[in-house]
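Input: a single structure, listed below in structure tokens.
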Amino acid sequence: MPVLHIIKIGGNVIDNSENLHRFLKDFTALDGDKILVHGGGKVATQISENMGIEAKLVDGRRITDIDTLRVVTMVYAGLINKNIVAQLQRYGNNAIGLTGADGDFIRAKKRPVKTIDYGFAGDIFEGSINPENIAKLLDSGFTPVFCALTHDGEGQMLNTNADTIASALAVALSKLYETTLVYCFEKKGVLQDINDEDSLIREIDPERYEKLKTEQIIHSGMLPKMDNAFTAISCGVKAVIIGHSDDLGQLKSKKGFGTRLSK
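Numbers 1 to 263, taken from the working numbering, label the letters of the sequence shown in order.
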């Protein structure tokens, strides 16, 4: 099976041009096929405010009304995505910027209204990803760069969590590739002590994960990320790696990169 890396970047990369350039250079240097997934919520919030549109968040989740959907479509699929693609071309990486609607690559369902109406927020479902179509791009030498937008197949764009998109892509493509999912964020990985960057935990299997949860070393916001990661592994993804974007160049070195989660 060919090797594929799916890498998701967050605001700590997108919001800093120096960090972004360094990351994209390291990303281009990675061997084999690769896919990049990005969000851009902070930039979308700033531009919304500039346009007089109030950003509405509930527990960190964006309420996507029609005005907000227009903004995130412009910002994610336009401003951020095309800037990333242009920089990748600069480094000799033949990238192509995409939403889930392009090529019918990623469908989603509008989140049902329960206690909160999230508006045009999209939830991934089984069968959301079209791996065969994405494989055609990879086989043709392109590097797909997906933003956090999907579609419902009925003409409606939907705002969808970038972490979830990255995980769903990894699971779907693991049937065709030996797939590793990489989450780049602001820490070196999972830390024994959150205040000590040198306390990196190099490897975590399900048994150790349960122990770290019991000891309250992993808690709060990291729990859903870790649960999703181990779900992806149980569904065929080779490994999930969590680390700092600045260290991505170490991914192919003996020193290693971040925290590796595996069976």
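For every residue, glycine included, the Cβ atom is placed at its ideal position computed from N, Cα and C.
Since this is a predicted model, take the numbers as computed values, not measurements.
How would you call residue i, buried or exposed, if buried means at least 16 neighbouring beta carbons within 10 angstroms?
i	result
Ile-66	exposed
Gly-122	buried
Gly-243	buried
Arg-107	buried
Gly-40	buried
Asp-104	exposed
Met-157	buried
Ala-86	exposed
Thr-160	buried
Ile-80	buried
Arg-90	exposed
Asn-94	exposed
Leu-69	buried
Thr-99	buried
Thr-214	exposed
Leu-223	exposed
For residue i, which residues of its own chain have a beta-carbon under 6 Å away from its beta-carbon, when the five flanking residues on both sides are left out?
i	result
Val-37	Lys-8, Phe-146, Ala-162, Ile-165 and Ala-166
Gly-10	Phe-185
Gly-258	Gly-189, Ile-241, Ile-242 and Gly-243
Lys-136	none
Tyr-76	Gly-40, Cys-147, Ala-148 and Leu-149
Ser-48	Ala-55 and Val-71
Gly-119	Ile-63, Thr-64 and Asp-65
Can you find a heavy atom of the ligand HEM that lies under 6 Å from the Cβ of residue i?
i	result
Pro-206	Summarising the ligand content, the structure contains no ligands, and the ligand HEM is consequently not present.
Using the C-alpha atoms, what's the distance from residue j back to residue i?
i	j	result
Asn-130	Lys-34	16 Å
Leu-251	Gly-52	42 Å
Gly-141	Lys-42	31 Å
Val-182	Lys-114	32 Å
Val-3	Asp-139	12 Å
Asp-15	Arg-61	19 Å
Asn-50	Ala-44	10 Å
Phe-125	Pro-112	13 Å
Asp-253	Lys-110	The sequence as given places Ser at residue 253; Asp does not occur at that position. Each residue's Cα considered, the two are about 42 Å apart.
Val-154	Asn-228	The identity of residue 154 in the sequence shown is Glu, whereas the question assumes Val. Taking the straight line from one Cα to the other gives about 28 Å.
Lys-255	Lys-187	17 Å
Gly-78	Ser-234	35 Å
His-21	Leu-88	9 Å
Gly-92	Gln-216	44 Å
Gln-46	Ser-17	16 Å
With a CB to CB cut of under 8 Å and the five nearest residues on each side skipped, what residues in its chain are close to residue i?
i	result
Leu-57	Ile-63
Lys-238	Ser-174, Glu-178, Thr-179, Thr-180 and Ser-262
Asn-133	Gly-103, Asp-104 and Phe-105
Ala-101	Leu-149, Thr-150, His-151 and Met-157
Ile-218	Val-190, Tyr-209, Leu-212 and Met-226
Met-1	Leu-176, Tyr-177 and Glu-178
Ile-96	Val-85, Leu-137, Phe-142, Thr-143, Pro-144 and Val-145
Asn-19	Asn-12, Val-13, Ser-245 and Asp-246
Take residue i and list the residues in its own chain whose beta-carbon comes closer than 7 Å to its own, dropping the five residues that flank it on each side.
i	result
Phe-230	Pro-206, Tyr-209 and Leu-261
Asn-5	Per the sequence presented here, residue 5 reads as His, with Asn not at that position. Answer for His-5: Leu-30, Gly-32, Lys-34, Thr-180 and Val-182, listed in chain order.
Ile-340	This structure cannot speak to residue 340, because the chain is shown only from 1 to 263.
Leu-248	Phe-23, Asp-26, Phe-27, Cys-184 and Phe-257
Gly-236	Val-171, Ser-174 and Lys-175
Ala-232	Ser-167, Ala-170, Val-171, Leu-181 and Val-240
Thr-73	Leu-149 and Met-157
So residue i and residue j are supposed to be a Cβ contact under 8 Å. How far apart are they, rounded?
i	j	result
Asn-83	Ser-245	Contact flag wrong, Cβ pair sits at about 16 Å.
Ser-128	Ala-168	6 Å
Should the segment 191-199 be called in touch with the segment 167-175, which here means at least 3 C-beta pairs below 8 Å? No contact exists between the segment 191-199 and the segment 167-175.
Would you check if there are 3 or more beta carbon pairs closer than 8 Å linking the segment 17-26 to the segment 201-211? They do not touch, by the three-pair rule.
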